[in-house]
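These notes concern the structure reproduced below.
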Amino acid sequence: MIGYVTLGTNDLERSAKFYDAIAAEMGVGRMMEFDTFIAWGKWDGGAGIAATKPFDGEKATVGNGTMVALEAKDRDQVQRLYDIALAHGGSDEGAPGPRGEPDENGMLFYAAYFRDPDGNKLNAFLMDKVS
């Protein structure tokens, strides 16, 4: 249902370094690039993510209550994405770990939360069997 998510930036070069590293871990690269906009993903793949300078020329701001969730393949990838984010100018919003209680099928929400260099909130997550 979602084609892509766009997040505002005030420094496209800084955002590019952050999202290049995140995208590489997710197995994708840049799929579109312009002077004010870069998108990462695959043309025939799932939803992508983009960083852009706002079209109206105003300062990019963070949406209160807005978050982009990146689906990881396993707990190790959740950890790697979190570490990559922090190593590339991101900030911690919650270390990797289980959140809540397992559901009736023994599945647990496992996630790490972080912000990109512009303050946009993201998480890496998966639904995983309780171990």
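Quick note: the sequence shown, position 51, residue 51 per the UniProt record's numbering, numbers continuous. Glycine included, every Cβ here is placed at the ideal spot set by N, Cα and C. Here the structure is a predicted model, which is why all the values come from computation and not from measurement.
How would you write the range of the alpha helix (DSSP H) that residue i sits in, first residue to last?
i	result
glutamate 13	12–26
alanine 87	75–87
Using only the alpha-carbon positions, how far apart do residue i and residue j sit?
i	j	result
isoleucine 38	tyrosine 110	29 Å
alanine 112	glutamate 25	15 Å
alanine 85	glycine 119	12 Å
lysine 17	asparagine 10	13 Å
asparagine 64	lysine 129	31 Å
arginine 99	valine 62	24 Å
glutamate 58	glutamate 101	42 Å
aspartate 20	tryptophan 40	8 Å
Name the two residues that bound the continuous beta strand (DSSP E) containing residue i.
i	result
aspartate 118	Element bounds for aspartate 118: n/a, residue is neither H nor E.
tryptophan 43	No beta strand (DSSP E) holds tryptophan 43; DSSP gives it neither H nor E.
isoleucine 49	48–52
With a cut-off of 8 Å on the beta carbons, I'd call residue i and residue j a contact; round off their distance for me.
i	j	result
alanine 50	threonine 6	4 Å
lysine 121	threonine 36	About 22 Å; that fails the 8 Å criterion.
alanine 72	leucine 81	6 Å
Report yes or no: is there a C-beta of chain B within less than 7 Å of the C-beta of residue i?
i	result
glycine 45	Of the protein chains in the structure, only one exists, and it is not chain B.
Answer with buried or exposed for residue i, where buried requires no fewer than 16 other C-beta atoms within 10 angstroms of its C-beta.
i	result
aspartate 44	exposed
glycine 90	buried
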